[in-house]
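One rule links them: number in my numbering = place in the sequence shown (from 1) + 19.
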Amino acid sequence: MTYNVRSELRIDLMAADGSTAFEVFPNFRLSTAPNCTLHVNQGHGTAGDREGLSSDNGFRFSTYDNDTSITCAKRYHGGWWYSYCTNANLNGEYLTPDTSAATGIFIRILDKMVQ
20 MTYNVRSELR
30 IDLMAADGST
40 AFEVFPNFRL
50 STAPNCTLHV
60 NQGHGTAGDR
70 EGLSSDNGFR
80 FSTYDNDTSI
90 TCAKRYHGGW
100 WYSYCTNANL
110 NGEYLTPDTS
120 AATGIFIRIL
130 DKMVQ
């Protein structure tokens, strides 16, 4: 997908309270299937990637039926590169603001559920 191509990833976020942020990750790439290992450097932007996507660098993509992360994909209802179960999951369920973010779309850089 992006393994041999120099790519940049930009993520734009909006929290349930309406606050917005973005993060840009230079030199983003994924290895080929079936593992789709994430290769990403520290991001920069208004979100502050302190423990978000860059903490998942070097991890394989996990799904509910191919969970390489000790059940994180099942627990958080979405496929992701789980280095730790709760740092980021931008493929979780869309939840309303009054719902617990435990299984929803989440990234620690905002410390909030994002939509």
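We put the beta carbon where it would ideally sit given N, CA and C, even for glycine.
For ARG94, the enclosing alpha helix (DSSP H) starts and ends at 91-94. Between GLY123 and ASN110, the gap from beta carbon to beta carbon reaches 7 Å or more. Residues ILE30, GLY62, GLY64, ALA66, ASP68 of the same chain have their beta carbon placed closer than 6 Å to that of GLU42, with the five preceding and five following residues left out of the count. Rounded to the nearest whole angstrom, the C-alpha separation of THR115 and TYR83 is 23 Å.
Rounded to whole angstroms, the separation of the alpha carbons of ASN106 and PHE125 is 8 Å.
Look at LEU72 here: in three-state DSSP terms it is helix. Rounded to whole angstroms, the separation of the alpha carbons of GLY37 and THR90 is 31 Å. Beta-bridge pairing by DSSP links ASN85 to THR82. Here ASN46 has ASN60 as same chain residues with Cβ atoms under 6 Å from its own Cβ, once five neighbours each way along the sequence are excluded.
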